[in-house]
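Heads up: the structure comes next, in structure tokens.
Numbering (our numbering), first residue to last: 70 to 567.
Structure (structure tokens):
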């Protein structure tokens, strides 16, 4: 159930997934399960087609070996391994989205940075095996945050194996010993593995689920930052006994001889250290925490403003004046803007059919897109409304409303390249999440869609049920905002609501 849920959610958000298992029986069973899903989806699709009710029927989710997923184990030939890996890592291939891997056969020596989510299906006796498996995705060349889910069956030998993993890794943190990975168990150690205490679990309620990121502490940890894990914890409470951060367990013994106050301070310092990379990244990019670290868009949140701060009542004009003109230093109906890290402001000059960049300090301006009269050529714009920057590609993404399209413009080595990302859309709102997925508000079709770059079809994420005021409907959606949990905020202008 949990495996299927993660697979489905990864496909929904466009993330590729690795599943590692030390057991070939488990890999065989997962593959058999995928084939079963494929057959069931095809049957359901055929049933819907036979009903002939004229409604749009989505294409069934397919699970065909070597097309939708790959498998590597000890029997896979070297030439096939190479072909599978290259196909999986191909950024233009969005169909293949899952890799089943035997930990022993594929846990080292391969690069699978196209994936950014990993499931360790069962625990290995040697913690190094599982750790190496994680580095197939978490390595140089990875452009997304990597999330790892370790499955441990509560109340089984697997839980005891996992506990021994933690002990071994804790010891390896403290001593350098070439024989540390060897297993030297006494007969009592072996017997203890088979000693199980029957535990009566309560019915699945709010109190059943233990949100735990530290062991044996008084701290009250927050809910997980990973939106997928958050959804799992809420949707599958019956099947999840508890969760914790694996890395945090490796710190449990550092404070055994500390006083309660020192222990509290050590834990607080540890929490701060865990957040430092995120804080450094956010401050260096001057991004609000709700926005992703890959783009700049509608910078509406300002950091570190004192609660006692007072704002001057008179603003300062950066560019333009009260006149409606088309001179380079004048603007006519600016619609959208953002402030770049380099101290420039980029905005859409709607009536002048252009996107303009202005240096805030020097007030120097330049046209960076459009400005060649209204038209549909790639070097022209027609009523541009919204604009954002994708930092991963250093490119502008623009709502070219009059031409009913969304375009991307990049400049490398002085050469400007313009391409159409989405066609036939009445765009009035743009946003991008930390996975690099693009969200577009279509105010004529009353829908918000999410697009993978290169995909013209997109997935409906809000509205799409005709014009209306129901909570499943929109009426002329305009501006969009995506927070770090990937919740979508929509300016539903025709319904006078957000």
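The beta carbon of each residue, even a glycine, is placed where N, CA and C say it ideally should be.
Keep in mind that this is a model prediction, so the values were computed, not measured.
(request) Please say whether residue 219 and residue 84 have beta carbons closer to each other than 8 angstroms? (result) No; because the gap between Cβ atoms is not below 8 angstroms, this pair is not in contact.
(message) How far does the beta strand (DSSP E) with residue 138 in it extend, from its first residue to its last?
(response) Counting along the chain, residue 138 sits inside the beta strand (DSSP E) bounded by residues 138-141.
(message) Tell me the rounded alpha-carbon separation between residue 277 and residue 312.
(response) Reliability of the predicted coordinates at residue 277 is poor, the pLDDT of 43 falling under 50, and the value obtained from them is presented with this limitation in mind. For residue 277 and residue 312, the distance between alpha carbons rounds to 12 angstroms.
(request) Go ahead and pull the three-state DSSP assignment for residue 462. (result) Coil, per DSSP.
(request) With DSSP collapsed to three states, give me the class of residue 97. (result) Reduced to three states, the DSSP call for residue 97 is helix.
(request) Report, in whole angstroms, the separation of the C-beta atoms of residue 114 and residue 133, which I expect to be a contact under 8 angstroms. (result) Between residue 133 and residue 114 the Cβ distance is about 14 angstroms, and since that is not below 8 angstroms, they are no contact.
(request) Give the DSSP-derived three-state secondary structure of residue 229 in the structure shown. (result) In the three-state scheme derived from DSSP, where H, G and I count as helix and E and B as strand, residue 229 is classed as helix.
(request) Determine the DSSP secondary structure at residue 160, reduced to helix, strand or coil. (result) Three-state DSSP puts residue 160 in coil, outside helix and strand.
(request) Report the three-state DSSP secondary structure of residue 510 (helix, strand or coil). (result) Collapsing the DSSP output to three states places residue 510 in a strand.
(request) Compute the distance between the beta-carbons of residue 158 and residue 182, then report whether it is under 8 angstroms. (result) Contact flag set, yes.
(request) Determine contact between the stretch 538-552 and the stretch 462-482, defined as no fewer than three beta-carbon pairs at a distance below 8 angstroms. (result) Cβ pair count under 8 angstroms is below three, so no.
(message) Measuring alpha carbon to alpha carbon, tell me which residue in 429, 422, 417 and 401 is nearest residue 410.
(response) The residue with the shortest Cα to Cα distance from residue 410 is 429.
(request) Check whether the stretch 544-562 touches the stretch 482-502, counting contact only when three or more Cβ pairs, one atom from each stretch, lie closer than 8 angstroms. (result) Yes, the stretch 544-562 is in contact with the stretch 482-502.
(message) Does residue 555 pass the burial test, meaning 16 or more other C-beta atoms within 10 Å, or should it be called exposed?
(response) Counting the other CB atoms within 10 Å of its CB gives residue 555 a total of 16 or more, which places it among the buried residues.
(message) What does the Cβ neighbour count give for residue 492, buried or exposed, with the cut at 16 atoms within 10 Å?
(response) Counting other Cβ atoms within 10 Å of its Cβ, residue 492 stays below 16 and is therefore classed as exposed.
(message) If contact is defined by three or more beta carbon pairs under 8 angstroms, each pair taking one atom from either stretch, is the stretch 70-88 in contact with the stretch 501-508?
(response) Segment contact: the stretch 501-508 against the stretch 70-88, three or more CB-CB distances shorter than 8 angstroms; contact assigned.
(message) Just to confirm my understanding: we take residue 532, look at its own chain, exclude 5 residues before and 5 after, and list those with CB closer than 7 angstroms. What are they?
(response) Counting only residues of its own chain and dropping the five nearest sequence neighbours on each side, residue 532 has a CB closer than 7 angstroms to the CB of 515, 516, 517, 542, 543 and 546.
(message) I'd like to check one pair, residue 231 with residue 192: are the Cβ atoms closer than 8 angstroms?
(response) Less than 8 angstroms divides the Cβ of residue 192 from the Cβ of residue 231.
(request) Determine the DSSP secondary structure at residue 407, reduced to helix, strand or coil. (result) Here residue 407 carries a strand assignment [DSSP, helix/strand/coil].
(message) With three or more beta-carbon pairs closer than 8 angstroms as the criterion, would you say the stretch 206-219 touches the stretch 163-179?
(response) Output reads no: the stretch 163-179 does not touch the stretch 206-219.
(request) Return yes when the Cβ of residue 400 is within less than 8 angstroms of the Cβ of residue 388, no when it is not. (result) Going by C-beta atoms, residue 388 is nearer than 8 angstroms to residue 400.
(message) In whole angstroms, give me the CA-to-CA distance for residue 190 and residue 141.
(response) So the two alpha carbons sit approximately 15 angstroms from each other.
(request) Just tell me which of 96, 130, 294 and 378 has its CA closest to the CA of residue 109. (result) By alpha-carbon distance to residue 109, the top candidate from 96, 130, 294 and 378 is 130.
(message) Tell me the DSSP secondary structure of residue 83 in three-state form.
(response) Assignment of residue 83 by DSSP, reduced to helix, strand and coil, places it in the coil class.
(request) Could you tell me which residues DSSP pairs with residue 523 in its beta bridges? (result) Answer is none; residue 523 lacks a bridge partner.
(request) Look at residue 217 and residue 228 and say whether their C-beta atoms are less than 8 angstroms apart. (result) No, the pair does not count as a contact, with Cβ atoms beyond the cut-off.
(request) Just grab the DSSP bridge partners of residue 435 for me. (result) For residue 435, which the question treats as bridged, DSSP gives the partners 426.
(message) DSSP three-state label for residue 114, please.
(response) Residue 114: helix per DSSP, three-state reduction.
(message) Rounded to the nearest angstrom, what separates residue 305 and residue 150 at their Cα positions?
(response) C-alpha separation (whole angstroms): 35 angstroms.
(request) Could you tell me the distance, in whole angstroms, from the CA atom of residue 404 to the CA atom of residue 420? (result) Distance between the alpha carbons of residue 404 and residue 420: 9 angstroms.
(message) Let me confirm a value: residue 422 is counted as buried when at least 16 other C-beta atoms fall within 10 Å, else exposed. Which label applies?
(response) Note on residue 422: 16 or more other CB atoms within 10 angstroms of its CB, so buried under the neighbour-count rule.
(request) State the DSSP-derived secondary structure class of residue 543, mapped to helix, strand or coil. (result) Shown here, residue 543 sits in a strand according to DSSP, grouped into three states.
(message) Judging by CA-CA distance, which residue of 486, 74, 295 and 551 is the nearest neighbour of residue 446?
(response) In terms of Cα proximity to residue 446, the closest of 486, 74, 295 and 551 is 486.
(request) May I have the straight-line CA-CA distance separating residue 570 from residue 567, to the nearest angstrom? (result) A question about residue 570 goes unanswered here, because the residues of the chain that appear run from 70 up to 567.
(message) Output needed for residue 513: all residues of its chain with C-beta closer than 7 angstroms, excluding positions within five of it in sequence on either side, in chain order.
(response) Taken in chain order, the residues that qualify are 495.
(request) Rank 475, 310, 164 and 148 by C-alpha distance to the C-alpha of residue 225 and give the top, closest one. (result) That would be 310, whose Cα lies nearest to the Cα of residue 225.
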